[in-house]
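Numbering (the working numbering), first residue to last: 224 to 667.
Next up, the structure:
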């Protein structure tokens with residue numbers, strides 16, 4: 224679809240709703256300084272010259288469907304009179320809107336109810352292909368958690384006939400959701416709440432109908448301050464479910480913790496009732512090396528590995544990308560760099576890395592651009608990817624569009640051997656478009 228056919232916004236008129244998370248780590252803007260860098264090619268067979276444009280605004284996350292493999296769900300928002308229009312778009316493998324989803328390929332949540340919204344920030348697929356979407360409220364400390372059918376219609380069995388729940392009304396306190404995951408009849412979410420006059424991270428569990436899942440934590444909620452006491456800060460950096468062979472499923476979380484002014488990333492395993500599994504790691508925890516901060520993690524049941532990615536902080540702004548792996552028992556995976564953290568050799572951080580076909584594939588930021596990378600499972604750069612480097616740069620100040628991504632979200636299209644990174648394009652005319660950009664995983 225040509226850019227001029229899409230609704231658009233001038234950059235100066237675009238006011239991005241900011242996540243109301245209480246803990247914000249510094250984000251250095253991309254530098255405009257030119258550097259000699261290996262370049263990652265764009266897969267021109269995808270979308271329009273490798274870029275899928277489907278709405279004004281910004282794409283905030285992307286999820287590949289497990290039930291309809293040719294579908295990719297994208298959350299995002301654009302500004303308007305409501306004052307924001309959060310959306311869930313459904314794209315096919317070519318980067319076009321799938322019109323079998325809500326007849327247009329996109330759901331605008333501001334058109335479904337009279338609530339005032341911020342951004343749609345996360346989407347998860349349940350065991351039957353229904354979609355849970357976390358949508359910020361505008362200027363209120365709550366989240367509207369929507370449930371849609373695979374056709375893009377509100378599921379009226381959820382939220383007492385409305386198709387959504389207001390988390391503040393459900394739990395009786397200020398509560399904002401961030402990451403989502405579904406398992407069996409449960410919906411799990413990370414978020415933050417007001418606790419003793421302070422803002423604290425928490426995990427909540429809901430039923431398939433949108434009620435509190437009582438057996439989890441205390442009446443459906445678990446506060447991180449009770450799980451890891453005596454620390455000055457907690458930020459949840461992700462949540463996932465693992466299913467070890469011949470063992471009970473476990474909830475895996477990664478938490479940013481500050482102890483004695485030193486930052487750590489702490490990986491923990493919980494039972495489905497929210498109790499700490501003390502058989503995981505050491506007493507239920509794996510502590511990272513000092514000053515290693517994870518941006519998130521992914522899990523792979525086939526190899527029973529947890530992949531954690533982020534950065535080693537050098538000061539307030541600077542750091543180097545880091546990557547390490549744990550087994551499902553919470554111990555360092557010895558086949559990966561002998562169980563040690565792999566440090567990349569330039570400044571930046573990894574945003575999202577996943578195991579794909581015997582490699583670890585993902586992307587991150589570099590001071591002047593974004594960076595695609597592929598590692599072997601032993602922790603060495605795969606030099607057959609963008610040879611001879613194993614990595615290459617895209618977006619940022621690199622032409623033709625000025626692509627930016629603050630989402631830490633991407634999806635792998637294994638059938639077409641490409642990585643899809645969510646974010647937004649700024650055109651030379653200063654127009655702002657939601658975008659997925661395609662990086663090929665095969666030689667071009």
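Backbone N, C-alpha and C define an ideal beta-carbon position, used for all residues, glycine too.
From a predicted model like this one, the values you see are computed outputs, not experimental measurements.
Considering only residues of the same chain and omitting the five flanking positions on each side of residue i, which have a CB-CB separation below 8 Å?
i	result
residue 468	527
residue 571	534, 542, 543, 544, 587, 588, 589, 590, 594
residue 564	511, 512, 515, 535, 545, 546, 547
residue 579	635, 637, 664
Pull the bridge partners of residue i from the DSSP assignment, please.
i	result
residue 376	Residue 376 pairs with nothing; no bridge assigned.
residue 588	572, 593
residue 295	287, 314
residue 423	416
residue 482	485
residue 350	Residue 350 pairs with nothing; no bridge assigned.
residue 476	462, 491
residue 404	411
residue 435	429
residue 663	641
residue 548	530
residue 320	314
Which term fits residue i, buried or exposed, when burial requires 16 or more other beta carbons within 10 angstroms of its beta carbon?
i	result
residue 408	exposed
residue 496	exposed
residue 290	exposed
residue 413	buried
residue 383	exposed
residue 325	buried
residue 667	exposed
residue 557	exposed
residue 433	buried
residue 317	exposed
residue 350	exposed
residue 453	exposed
residue 204	Since the first and last residues shown for the chain are 224 and 667, residue 204 lies out of range.
residue 450	buried
Can you find the residues in the same chain that come closer than 7 Å, C-beta to C-beta, to residue i, ignoring five residues on each side of it along the sequence?
i	result
residue 321	294, 313, 314, 315, 328
residue 389	365, 367
residue 668	The structure shown has nothing for residue 668, since the chain only spans 224 to 667.
residue 523	578
In chain order, what residues of the same chain lie with their CB nearer than 6 Å to the CB of residue i, ignoring the 5 residues before and after it?
i	result
residue 607	none
residue 445	426, 497
residue 486	514, 516
residue 440	497
residue 560	602
residue 551	465, 467, 527
residue 307	240, 300, 340, 341
residue 592	616, 618, 619, 621
residue 356	311, 343, 346, 369
Are the stretch 469–483 and the stretch 495–513 touching, with three or more C-beta to C-beta distances below 8 Å? yes
Check whether the stretch 258–267 touches the stretch 288–305, counting contact only when three or more Cβ pairs, one atom from each stretch, lie closer than 8 Å. no
Run through the stretch 496–533 for me and flag every whole beta strand (DSSP E) of 3 or more residues, listed as ranges in chain order. 508–510, 515–523
Cβ contact check for the stretch 635–653 and the stretch 355–373: 3 or more pairs under 8 Å: No, the stretch 635–653 does not touch the stretch 355–373.
Counting pairs of beta carbons, one from the stretch 267–275 and one from the stretch 656–667, are three or more of them closer than 8 Å? yes
So does the stretch 339–349 actually touch the stretch 277–285, counting three or more Cβ pairs closer than 8 Å? yes
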